[in-house]
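One structure is given here, and the rest of the page talks about it.
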Amino acid sequence: MQVVGGGDGAPPDIQVKAHVPAWAAACTSKPCRYMQLKSGSVNMDYPFSAEHGEDAWLVHNLFWEKRNGFYLEVGAMDGVSASNTLWLHKAANWTGMLVEADPDLAQALFEQRPESLTVNAAVCSDFKTVHWKGGGKTGGIVEFMSQKFKEEHHPDLGDISQLPQVACVPLQYLLGIWGVVEVDFLSIDVGGAELEVLQAADLSQMRVKVILVQTDGSNPSQDRAAAELLAAAGFEPVRKLNDPPASRMAQVSSVFVHKTAWPELAHSPAISEVVLE
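The opening position of the sequence shown corresponds to residue 1 in the UniProt record's numbering, with each subsequent residue numbered one higher.
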């Protein structure tokens, strides 16, 4: 376990814990090209695990037979339950970075996904300390939750000063530490703080091919702002009509593909085409 702090504009009191596997520690010359570290074939018999079928949809529509990719999951929880990236790691030899703000879930993440680069931190536009409200899939940073989200999922929320404090850092700060400049799949599911994470991600400083963002309707203005931000960065929204199993996923998530990434993506032969919104 490493404690990372300071440098690159970070205040000395801002520190994050990280488990750094050998493949990440081995890169001493940045940027690092992590996608080339593994080989193997895709195991389609391995069970999908995402809560609403996100992993199955992504594999069948965008990452068909894609091996050795790099994922970045912000809001990774324990790395196993309802994970959007576990299948990619286990079945298709992907590797990547997993970020989780909840201190308890982060500890489980360190233990259950030791082959990934795992980080206990929240993601913000600026360095700051924020408050964490637990609650499993609906847990999150209180400062970034909409009023509707708090009323629906945390009606008993009282004095937030009594809640655990978490270091919140720009995403680019974390990526810079380990030299990450290319991401095949970015997953963002952070209990209402998705826009904050996107605003904290300098998409001009890294190449991201596919982004999945939680858009559950609890904050429509934030969902629109996220879509506008991504459109300005060259991302196109994908219509989630094709099985499997878009009907469940479409209610809670949106998928965006960078316009330059299409030649590197592929869909299952059972799907005729991937349609834009």
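We put the CB at the ideal spot given by N, CA and C, even for glycine.
How should residue 191 be labelled, buried or exposed, when 16 other C-beta atoms within 10 angstroms of its C-beta is the threshold for buried? buried
Roughly how many angstroms lie between the CA atoms of residue 31 and residue 48, to the nearest whole one? 31 Å
Taking the alpha-carbon of residue 89 as reference, which of 5, 71, 60 has the nearest alpha-carbon? 71
Reduced DSSP category for residue 249 - H, G, I as helix; E, B as strand; rest coil: helix
Sequence ranges, beta strand (DSSP E) only - wholly within the segment 178 to 242, length at least 3: 182 to 188, 207 to 214, 235 to 238
With distances taken between CB atoms, is the gap from residue 53 to residue 102 smaller than 8 Å? In this structure, residue 53 keeps its C-beta atom at 8 Å or more from the C-beta atom of residue 102.
What would DSSP say about residue 176, mapped onto helix, strand or coil? Three-state DSSP puts residue 176 in a helix.
Evaluate residue 214 with the Cβ neighbour count: other Cβ atoms within 10 Å of its Cβ, from every protein chain shown; 16 or more gives buried, anything less gives exposed. buried
Would you report the Cα separation of residue 28 and residue 4, rounded to the nearest angstrom? 16 Å
Rounded to whole angstroms, what is the Cα-Cα separation between residue 199 and residue 106? 23 Å
Whether residue 79 touches residue 98 by CB criterion (8 Å): Yes, these two residues count as a Cβ contact at 8 Å.
Considering only residues of the same chain and omitting the five flanking positions on each side of residue 165, which have a CB-CB separation below 8 Å? 129, 130, 131, 132
Where DSSP assigns a beta bridge to residue 120, which residues make up the other side? In DSSP, residue 120 forms a bridge with 17, 100.
Is DSSP giving residue 266 helix, strand or coil here? strand
According to DSSP, what are the bridge partners of residue 63? 266
Along the beta strand (DSSP E) that carries residue 73, what are the first and last residues, could you check? 70 to 74
Please work out which residues of its chain come closer than 6 Å, Cβ to Cβ, to residue 210, disregarding the five sequence neighbours upstream and downstream, and give them in chain order. 62, 185, 257
Any heavy atom of the ligand COA inside 7 Å of the beta-carbon of residue 52? With respect to small molecules bound, the structure shown includes none, and the ligand COA cannot be examined in it.
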